[in-house]
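Residue numbering for the sequence shown follows the working numbering, beginning at 3 and increasing consecutively.
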Amino acid sequence: MSFKEIITEVGPEKLLPEKLLPSLLLIKPEETDQGIALILAEVLIPGSQGLSTTNGGVTALTFVNNLPEANAKGAQLQTCLKTIDTSPAHTVNWFNVFAKVHEFLFDASKRNSQPSVASLTQFLSSLDFKSGLIDIFLSYEWWFDKTLLYMLQSMHTQQGAFDIIHSKNLTLCYEEEIDDAPELLSFINIAKLEVQVMAKINSQTAQQIKMQSEGDKKLDTWLSQFFDLHCRSEPHHVIAGALAIADKDGYILDRIDRLFAFMMDRPFVDANITQLGKVLNKFKMYDIQLAIAKLIEYYTNRLNSESLNKVIQASTSFDLFDALLKKANSMTYSLYLTFAIEASNFGFDYKKATENDLKITKLRPTVYQCLLEILETRTAQDFELTQQQAQSLDAQVHTNSKPLKVSVVYTLLELIKGSQGLVDSERLKNLQLSLLTTYPRLINFGTGHDEAILKNEELYSNAFPPQVEQEMKAYYSKMYNKDMEIKEIVDMLSRMKTSDLPHDQDVFACMIHSLIDEYRFFSEYPLTALASTSLLFGALLQRDLIQGTTLTVALNFIWESCNQPQDSHLFKFAVQSLYNFKSRLHEYPIYCKHLLKCQSLSSHAKMYQIVKDASNGIPCPDTNPQQAAGGHDNAAGPSSPGITYNSISATKKTVGIVQQEVPDESTSDKLLFSVNNMTSDNMKDKLAEIQHLLSENYFSWFANYLVTERAKTEPNNHGLYSDFLFAFDDAIFYEYVLNTTLSEVDHLLRNFKDSTIDRSNLKNLGAWLGKITLANDKPLKRDQIALKYLLVESFDLKTLPIVIPFVCKILDQASESKVFRPPNPWILGIMKVLVELYDCADLKLNLKFEIEVLFNSFGMKIKDVEASTLVRSHNPKPEALAALFGIRPDSASLQAEMAKMSLGGPEQSLQMQQHLQQQAVLMQQQQQQQQMPHVSQVQQMRQEEPMNQPIWLQPIRCIFQQFARQQHFHPKP
Numbered sequence: 003m004s005f006k007e008i009i010t011e012v013g014p015e016k017l018l019p020e021k022l023l024p025s026l027l028l029i030k031p032e033e034t035d036q037g038i039a040l041i042l043a044e045v046l047i048p049g050s051q052g053l054s055t056t057n058g059g060v061t062a063l064t065f066v067n068n069l070p071e072a073n074a075k076g077a078q079l080q081t082c083l084k085t086i087d088t089s090p091a092h093t094v095n096w097f098n099v100f101a102k103v104h105e106f107l108f109d110a111s112k113r114n115s116q117p118s119v120a121s122l123t124q125f126l127s128s129l130d131f132k133s134g135l136i137d138i139f140l141s142y143e144w145w146f147d148k149t150l151l152y153m154l155q156s157m158h159t160q161q162g163a164f165d166i167i168h169s170k171n172l173t174l175c176y177e178e179e180i181d182d183a184p185e186l187l188s189f190i191n192i193a194k195l196e197v198q199v200m201a202k203i204n205s206q207t208a209q210q211i212k213m214q215s216e217g218d219k220k221l222d223t224w225l226s227q228f229f230d231l232h233c234r235s236e237p238h239h240v241i242a243g244a245l246a247i248a249d250k251d252g253y254i255l256d257r258i259d260r261l262f263a264f265m266m267d268r269p270f271v272d273a274n275i276t277q278l279g280k281v282l283n284k285f286k287m288y289d290i291q292l293a294i295a296k297l298i299e300y301y302t303n304r305l306n307s308e309s310l311n312k313v314i315q316a317s318t319s320f321d322l323f324d325a326l327l328k329k330a331n332s333m334t335y336s337l338y339l340t341f342a343i344e345a346s347n348f349g350f351d352y353k354k355a356t357e358n359d360l361k362i363t364k365l366r367p368t369v370y371q372c373l374l375e376i377l378e379t380r381t382a383q384d385f386e387l388t389q390q391q392a393q394s395l396d397a398q399v400h401t402n403s404k405p406l407k408v409s410v411v412y413t414l415l416e417l418i419k420g421s422q423g424l425v426d427s428e429r430l431k432n433l434q435l436s437l438l439t440t441y442p443r444l445i446n447f448g449t450g451h452d453e454a455i456l457k458n459e460e461l462y463s464n465a466f467p468p469q470v471e472q473e474m475k476a477y478y479s480k481m482y483n484k485d486m487e488i489k490e491i492v493d494m495l496s497r498m499k500t501s502d503l504p505h506d507q508d509v510f511a512c513m514i515h516s517l518i519d520e521y522r523f524f525s526e527y528p529l530t531a532l533a534s535t536s537l538l539f540g541a542l543l544q545r546d547l548i549q550g551t552t553l554t555v556a557l558n559f560i561w562e563s564c565n566q567p568q569d570s571h572l573f574k575f576a577v578q579s580l581y582n583f584k585s586r587l588h589e590y591p592i593y594c595k596h597l598l599k600c601q602s603l604s605s606h607a608k609m610y611q612i613v614k615d616a617s618n619g620i621p622c623p624d625t626n627p628q629q630a631a632g633g634h635d636n637a638a639g640p641s642s643p644g645i646t647y648n649s650i651s652a653t654k655k656t657v658g659i660v661q662q663e664v665p666d667e668s669t670s671d672k673l674l675f676s677v678n679n680m681t682s683d684n685m686k687d688k689l690a691e692i693q694h695l696l697s698e699n700y701f702s703w704f705a706n707y708l709v710t711e712r713a714k715t716e717p718n719n720h721g722l723y724s725d726f727l728f729a730f731d732d733a734i735f736y737e738y739v740l741n742t743t744l745s746e747v748d749h750l751l752r753n754f755k756d757s758t759i760d761r762s763n764l765k766n767l768g769a770w771l772g773k774i775t776l777a778n779d780k781p782l783k784r785d786q787i788a789l790k791y792l793l794v795e796s797f798d799l800k801t802l803p804i805v806i807p808f809v810c811k812i813l814d815q816a817s818e819s820k821v822f823r824p825p826n827p828w829i830l831g832i833m834k835v836l837v838e839l840y841d842c843a844d845l846k847l848n849l850k851f852e853i854e855v856l857f858n859s860f861g862m863k864i865k866d867v868e869a870s871t872l873v874r875s876h877n878p879k880p881e882a883l884a885a886l887f888g889i890r891p892d893s894a895s896l897q898a899e900m901a902k903m904s905l906g907g908p909e910q911s912l913q914m915q916q917h918l919q920q921q922a923v924l925m926q927q928q929q930q931q932q933q934m935p936h937v938s939q940v941q942q943m944r945q946e947e948p949m950n951q952p953i954w955l956q957p958i959r960c961i962f963q964q965f966a967r968q969q970h971f972h973p974k975p
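As structure tokens, then:
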């Protein structure tokens, strides 16, 4: 009698779990599996085995009123099954049991009969006594797989249902999770079931979806949403389930790739890296090459520094790096080298590996080319990363992106430099600039202070601390505002370069980095700023403050600038920089030979000759050590006091009839207090206070204070003081201020000390003098200061370096004038002399810059004004020069000044004149024939500055004539 016949005789109403055991024990051993399968099939799909002909085939075995009852009946059945499984008389093959269950439910599958939550609860409860039984059931492909998955996901919400999450008899995805808080997908076969169901849903055709009932569609949607949630929250479990599927279709393989990429994309925090390690170990269980392939695929699909860093971190953390490196080397050498270099952050000796490869002759070209390409790529990526970090409020943006370390960049670059022509030189040149821009601490690396340099790299990566950036800006601001000499800047940088303080090294690198980074904007710099920059640049080279790669980049800048048009800003920058380290040019003979090929340089005869000599190893003596150290161009400056300028007439005298005196302390304190607190906003109130206190007998004292204590040192307040002067509206006070200004100028010129303070004060007084005269349409009379005479006189006295900036500052104020700006013939006459000096006097570049800045303020260029011939053709004897300008020199000082004109006396000055005259002849041959007949030098000067009328009449006449032309009538002559 079969087991089915036995239990049929028992009767459906008596077929209770506790009464099954005697019947089961009567089964023949060979029929045990079949008998157990029959019971389980009936429990899973009640009525499916035909054990009852009433009540729809339902027996007492499966009839329950609620889930707790189902769970209890399952536990009773579990006792029976456990007894049979442990009985010596019976051997249960559970794989065979479930095969029979699947077979017994064939008809039910045709009818699409579905289990209920109650039947599934009883079924699972009955099996939860031995590890692996539920796993065998879940591993089968059931026609009700969607229903099964839905029930498993929802059972925990239903009171009394089987608590599968806390079962101890299901296989986990990862053994190490045994003590973790369980999740449904922690079990491998449930995770596998979910992936299989989703693959099935995904494979449905449009027609199949259309044929679905609304209930099936809702079920698919619900399952899909749960799957998406699990992919985000438990990707490692989903991957484990997918890997457990034997036949993986395209959907499953794609899902594995996507989820692995998702896990790699997440921040590498503790929980995420732990899950990633589980997945990689799972890959290794199936095939270590699968793990390697996924890592390489992740990087090659992204090719960025973050993905590279994560791949190396993951491989080194989970003992995959050696296999990764071996696989990469079998693919491309570039990939291998990329991984090896990145692994330097994790202790791998990339240098030794690379040097070993360079010993292989056939491999050397490939190694160098790959090194170049890798550095190019990483530099671009790291630069972008640094920019993103700088722009983000969160400094930890892309926390897994780690730029190459400066030490690594330095080593790789040094390797490439030894390529001996195996890499493209232009690419290498561009790379070096990119490296300095991206890794600014590379600037001084390798010079003996690496430990100090690297300390801040650990804290700030490639960026500088905010305080360092602020300090850099402050120093440059002081330099450009003339608050610090260039020499002071260079001395400071020299000290910082050799310092072992991380802050000093950062400031040094930051300042040099900013200078290099600014090169691309040099062509847009104002000439004054460009002049200072050129002097600094040359001084850095002269003092050997930039070396190695930084030196190469700096010299390339000069070479590129030398190839620019000779009237361009960049060419001026190049020439001034070269001149400022001319005494060291012979140390770079090959570089100088390249410079000689620059066409623009040949137009600068003096600099061209210096470079030519240097190319042959001939040194150029540095005649001006201070300039080489970063000071101003003082070579032509006077060193001894007492020089007299006949072009300036400044005598202290009483204006008007009131005797001058010094005010009492109370009055002076009140006056000074008013000036100290005067602003453009309170000018009216302060003016009233001063007018009340300042009587005419104090004018000389107050004018002296205003000029020597204020205007001379406060150029930024010239506008305020000028407004006050004209608002005070007193002609006598104005004369005192003007006379005091001229006296102070005369004193400075006579007693000039070659210092930054004196230079600054003289330029400030020039700007002030122009402000209170030309800018306000008031003339500068020739009997007070004759500017053309002053320029020619200073040429003979060799004081052009101090006089030209002074004169330019005066004339620059005419840009605010309606009367004295070009085409006013008076100012054009002075500008013609400046052009002559520009062309013929062999001026240093900073003096030429001063002249160019003046012309720019009028919207003009040097070529717009024809040079005079005054300087080249005048008689250098003081009495002759004075006569030329209609001024009688002081006879008492004439003999003294004769000796001070030059070291060689008047004879040497005459020789200089002959040289200038020769240059004049050459220039005249190049100029077009003049339309006006030639006139004598004295006649030309008198046409520009008539002796029989004040100079201010000429500008007015010019404007009147212009107005007449506009109105189409002519004034009477």
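Beta carbons are placed, not taken as given, at the ideal position from N, Cα and C, and that holds for glycine.
Counted within 10 angstroms of its Cβ, other Cβ atoms place residue i as buried (16 or more) or exposed
{"i": "Pro31", "result": "exposed"}
{"i": "Val923", "result": "With a pLDDT of only 41 at Val923, under the threshold of 50, the placement of this residue in the model should not be trusted; the figure read from the coordinates follows. With fewer than 16 Cβ atoms within 10 Å of its Cβ, Val923 is classed as exposed."}
{"i": "Arg113", "result": "exposed"}
{"i": "Val410", "result": "buried"}
{"i": "Gln210", "result": "exposed"}
{"i": "Phe341", "result": "buried"}
{"i": "His606", "result": "buried"}
{"i": "Asn648", "result": "buried"}
{"i": "Ser128", "result": "buried"}
Supposed contact pair residue j and residue i - C-beta distance, whole angstroms, cut 8 Å
{"i": "Phe270", "j": "Lys312", "result": "6 Å"}
{"i": "Tyr1025", "j": "Ala533", "result": "With the chain covering only 3 through 975, there is no way to say anything about residue 1025."}
{"i": "Pro803", "j": "Leu856", "result": "Not really, about 16 Å apart at Cβ, beyond 8 Å."}
{"i": "Asn565", "j": "Cys622", "result": "Asn565 to Cys622, Cβ: 22 Å. No contact."}
{"i": "Leu417", "j": "Leu373", "result": "6 Å"}
{"i": "His239", "j": "Glu185", "result": "7 Å"}
{"i": "Tyr723", "j": "Arg712", "result": "6 Å"}
{"i": "Leu172", "j": "Phe146", "result": "That pair is no contact at about 19 Å."}
{"i": "Met265", "j": "Leu278", "result": "5 Å"}
Per DSSP, the bridge partner or partners of residue i
{"i": "Phe189", "result": "Leu174"}
{"i": "Ile650", "result": "Ile787"}
Other residues of its chain near residue i: CB distance less than 6 Å, five sequence neighbours each side excluded
{"i": "Ser762", "result": "Lys484"}
{"i": "Glu737", "result": "Val657"}
{"i": "Gln36", "result": "Lys102"}
{"i": "Phe466", "result": "Asp508 and Cys512"}
{"i": "Leu79", "result": "Pro19 and Ser128"}
Close Cβ partners of residue i (< 7 Å) along its chain, the five nearest in sequence each way excluded
{"i": "Lys148", "result": "Val199, Leu221 and Leu225"}
{"i": "Trp144", "result": "Leu150"}
{"i": "Ala110", "result": "Ile47 and Ser50"}
heavy atom of the ligand ZN below 7 Å from residue i C-beta
{"i": "Ile889", "result": "Summarising the ligand content, the structure contains no ligands, and the ligand ZN is consequently not present."}
Neighbourhood of residue i by C-beta, 8 Å cutoff - its chain only, sequence neighbours within 5 removed
{"i": "Met153", "result": "Pro117, Val119 and Leu122"}
{"i": "Ser796", "result": "Tyr647, Leu802, Ile804, Val805 and Ile806"}
Notebook entry, point to check: Do the region 766-785 and the region 858-870 touch if we need at least three Cβ pairs shorter than 8 Å?
Noted result: no
Notebook entry, point to check: Counting Cβ pairs, one atom from each stretch, are 3 or more of them under 8 Å apart for the region 242-254 and the region 183-197?
Noted result: yes
Margin query: Across the region 159-173 and the region 72-84, are there enough close Cβ pairs to call them in contact, namely three or more that are closer than 8 Å?
Written below: yes
Check: Is the region 91-101 touching the region 132-142 in the sense that three or more CB pairs, one from each, lie closer than 8 Å?
Finding: yes
Item checked: Three-pair Cβ contact test at 8 Å for the region 738-748 versus the region 700-720 -> yes
Notebook entry, point to check: If we count Cβ pairs, one from each stretch, closer than 8 Å, do we get three or more for the region 7-21 versus the region 52-62?
Noted result: yes
Margin query: Whether or not the region 804-820 and the region 668-679 are in contact is what I'm after, with contact meaning three or more pairs of Cβ atoms, one per stretch, closer than 8 Å; do they touch?
Written below: no
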